[in-house]
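In short: position in the sequence shown from 1, add 7, done, that's our numbering.
Scroll down for the structure; my scribbles are underneath it.
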Amino acid sequence: MSSLTSQLQSILSAGHNSFKLVYTAPANQFILPLTKQILVLDSSFNPPHNGHFSLIAKSMNHSRLDDHSMSHTSINSKSVLLLLSVKNADKGVQPAKFEDRLAMMYKMADHISEQLGVACGVGITNCSLFVDKAKEIQNYLAETQSNNLKLTFLLGYDTLIRLLDPKYYVPQKLGDALGSFFSTNDCFVLTRKNTSLSLEDQLSFVGMIKDGQLADVPATWADKIHVVSGDDKNLNVSSSDIRKLIQANETSWTSNTMPKVAEYITSHHPYQ
């Protein structure tokens, strides 16, 4: 845990926006010669669960995310980044210390690499907003890699709505604040059941953007937002439900997360 603590402290004490890659699976492999795209899952990972894994797996099989200028669509053209923000725009510190969450993310990265056959990294950032997170990741890539990589952020529908909420960018206008984000990145979005909007309304959201029906949201952004039906039962798993089961001394929660993550929770007790 000492190395995790020092890495966290370096981010928390930074007087500027920062990103640090702290783990890779396989070891020392994140950006490979064929890598063209990084799938970024930004979450609290409190704890990591099968819903996170299903979102990643579903995004890897979504053809519209492939860069059509590429001469191949190999799975090896994608890498995965699990991103933990230690400073969120609208969330306070939650149960389980950041060190425990990172340790569980390492287990999840191993699982992703083994099960999906892709390189997976774990990163931490002190940025609150997606636009700043993307900028810091791109800055890191520019310093360490020679190729220009596309970032695809993996989101639930509720997170997409927050991304496009103008209140987070005042005094800037939404188009100015997110213009650079959507010029170089895109979003893969899964519908959610636990929302006030119907499935049909969620799936029609991009069409509304394309038709210019949403104030302050440029129609051109429709090409950068891919909304897909979240029909996998694992996609409805939530970290809060798992924590409640753990605190109630139930054991059924173990089927909702990865075996090595479950082993970590039962041996280290981060929620007790």
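By construction, the Cβ of each residue, glycine as well, lies at the ideal position given by its N, Cα and C atoms.
Asked: Under a three-way DSSP split, which group does Ile45 fall into?; Found: strand
Asked: In terms of residue numbering, what span does the beta strand (DSSP E) encompassing Leu158 cover?; Found: Lys157 to Gly163
Asked: Using 8 Å as the threshold, is the region 218 to 234 in touch with the region 16 to 30, meaning 3 or more CB pairs across them?; Found: no
Asked: Please look up how many angstroms separate the CB atoms of Leu161 and Leu62, rounded, as I've assumed it's under 8 Å.; Found: 5 Å
Asked: Excluding the five sequence neighbours on either side, which residues of its own chain have a C-beta within less than 7 Å of the C-beta of Phe84, listed in chain order?; Found: In the sequence on display, residue 84 carries Ser and not Phe. The residues are Leu41, Thr42, Lys43, Gln44 and Met77.
Asked: Just to confirm before moving on: does the CB-CB distance between Asp139 and Asn35 stay below 8 Å?; Found: no
Asked: Skipping 5 residues on each side, what residues in its chain have a beta carbon closer than 8 Å to that of Gln254?; Found: Tyr278 and Gln279
Asked: Hey, out of Ser211, Val47 and Lys240, whose CA is closest to Leu158's CA?; Found: Val47
Asked: Between the alpha carbons of Ser120 and Ala126, how many angstroms are there, rounded?; Found: 6 Å
Asked: In terms of residues, what are the limits of the beta strand (DSSP E) holding His69?; Found: Counting along the chain, His69 falls outside any beta strand (DSSP E), and DSSP gives it neither H nor E.
Asked: Considering only residues of the same chain and omitting the five flanking positions on each side of Phe212, which have a CB-CB separation below 7 Å?; Found: Val234
Asked: Would you mind sorting Val129 into buried or exposed? The rule is 16 or more other CB atoms within 10 Å of its CB.; Found: buried
Asked: When DSSP labels each residue in this structure, what does Gly186 get in the three-state scheme?; Found: helix
Asked: What three-state label does DSSP hand Thr198 in the structure shown?; Found: coil
Asked: If you reduce the DSSP assignment to three classes, tell me which class His233 lands in.; Found: strand
Asked: When you compare only the Cα positions, how much space is there between Thr258 and Ala269?; Found: 10 Å
Asked: Hey, could you find the ends of the alpha helix (DSSP H) Phe26 is sitting in?; Found: No alpha helix (DSSP H) holds Phe26; the beta strand (DSSP E) holding it covers Phe26 to Ala32.
Asked: When you compare the CB positions of Met112 and Tyr271, do they come within less than 8 Å of one another, or not?; Found: no
Asked: What residue from Gln122, Tyr164, Ser187 and Ser10 has the CA that sits closest to Leu109's CA?; Found: Ser10
Asked: Would DSSP call Leu109 helix, strand or coil?; Found: helix
Asked: In the structure shown, what three-state DSSP assignment does Ile144 receive?; Found: helix
Asked: Please name the residue or residues paired with Val125 in a DSSP beta bridge.; Found: Its beta-bridge partners do not exist; DSSP assigns none.
Asked: Using the Cβ count rule (16 or more neighbours within 10 Å means buried), how would you classify Leu39?; Found: exposed
Asked: Pick helix, strand or coil for Thr261, following the three-state DSSP scheme.; Found: helix
Asked: Any idea which residues DSSP pairs Gly130 with across the strands?; Found: Leu28 and Leu90
Asked: Determine the direct distance from the alpha carbon of Leu206 to that of Ala116, and round the result to whole angstroms.; Found: 31 Å
Asked: Just the Cα atoms here: how many angstroms apart are Leu170 and Ser262?; Found: 31 Å
Asked: So, under 8 Å CB-CB, Arg199 and Tyr147 are touching, yes? Tell me the CB distance rounded to an integer number of Å.; Found: That belief does not hold up - the Cβ atoms of Arg199 and Tyr147 are roughly 30 Å apart, past 8 Å.
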